[in-house]
Amino acid sequence: MKTKTFLFTLFALFLLIGGMGCERENLIDYIDVNVVYQRCNSSVNHPIDGEIKKRDILLFNLAHTKESEIIKRYSQNEEIEYIIYDPNSISANYLIYKRLRINNQGHEYGNFCNFPIADIEKWNIPQSGLYISFSGDFVNTKFTTDAMYSTFDISLKSLKIQQL
Numbered sequence: 176m177k178t179k180t181f182l183f184t185l186f187a188l189f190l191l192i193g194g195m196g197c198e199r200e201n202l203i204d205y206i207d208v209n210v211v212y213q214r215c216n217s218s219v220n221h222p223i224d225g226e227i228k229k230r231d232i233l234l235f236n237l238a239h240t241k242e243s244e245i246i247k248r249y250s251q252n253e254e255i256e257y258i259i260y261d262p263n264s265i266s267a268n269y270l271i272y273k274r275l276r277i278n279n280q281g282h283e284y285g286n287f288c289n290f291p292i293a294d295i296e297k298w299n300i301p302q303s304g305l306y307i308s309f310s311g312d313f314v315n316t317k318f319t320t321d322a323m324y325s326t327f328d329i330s331l332k333s334l335k336i337q338q339l
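Numbered per the numbering used here, the sequence shown spans residues 176 to 339.
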């Protein structure tokens, strides 16, 4: 009897936790952002390697939130994904997608070719981040044979931002 009660409680807890996760997805209202498709200049001679689709990724403005704070905030997770926007960057990489494995099990960095920077400068990105979802084509530009590090260029096809 104790086993049945324990299993029932465990099952009920599983349903409750699972339901909470689904609820979070439905709470984020998105608005579409106009994106003009453009292949990345650095990948003109490379074939497209695949399509990337990401949902509910946080975008941070480095003018308000330090990257070390982002990593510290999510370090309890085994893997974190986020996008950083650096309005003060002097390089072309002012907007970067990152996927990090906390135990140095691999890092991915994606550079956006056609992100609407004029729009992002108008968004009021909170210190806690702004959820975005996007899809696009990607081309690998550099990777190590042990799959510990890779970079790629992303040509956006669609972009949605959280409606605040």
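All residues carry an ideal CB built from backbone N, CA and C; glycine is no exception.
Values in this document were obtained by computation on a predicted structure and should not be read as measured data.
> If you compare alpha carbons, which of D294, R274 and I292 is closest to M323?
Replying inline: R274
>> For a quick check, are the C-beta atoms of I227 and I307 less than 7 Å apart?
In response: no
> Out of curiosity, what's the CA-to-CA distance linking F309 and P301?
Replying inline: 19 Å
> Looking at I271 and Y257, is the spacing between their C-beta atoms short of 7 Å?
Replying inline: no
>> For the stretch 277-297 against the stretch 325-336, do three or more pairs of beta-carbon atoms, one drawn from each stretch, fall closer than 8 Å, so that the two count as touching?
In response: yes
> When burial is assigned at 16 or more other CB atoms within 10 Å of the CB, is L190 buried or exposed?
Replying inline: Caution applies to L190, whose pLDDT of 40 falls short of 50 and renders its modelled position unreliable; the value that the coordinates give is listed next. Per the 10 Å Cβ criterion, exposed.
> What are the partner residues of Q337, as DSSP defines its beta bridges?
Replying inline: Y205
>> From the DSSP secondary-structure annotation, give me the bridge partner or partners of Y284.
In response: K273 and T326
>> Less than 6 Å between C-beta atoms, sequence neighbours within five positions excluded: which residues of the same chain meet that for E254?
In response: R276
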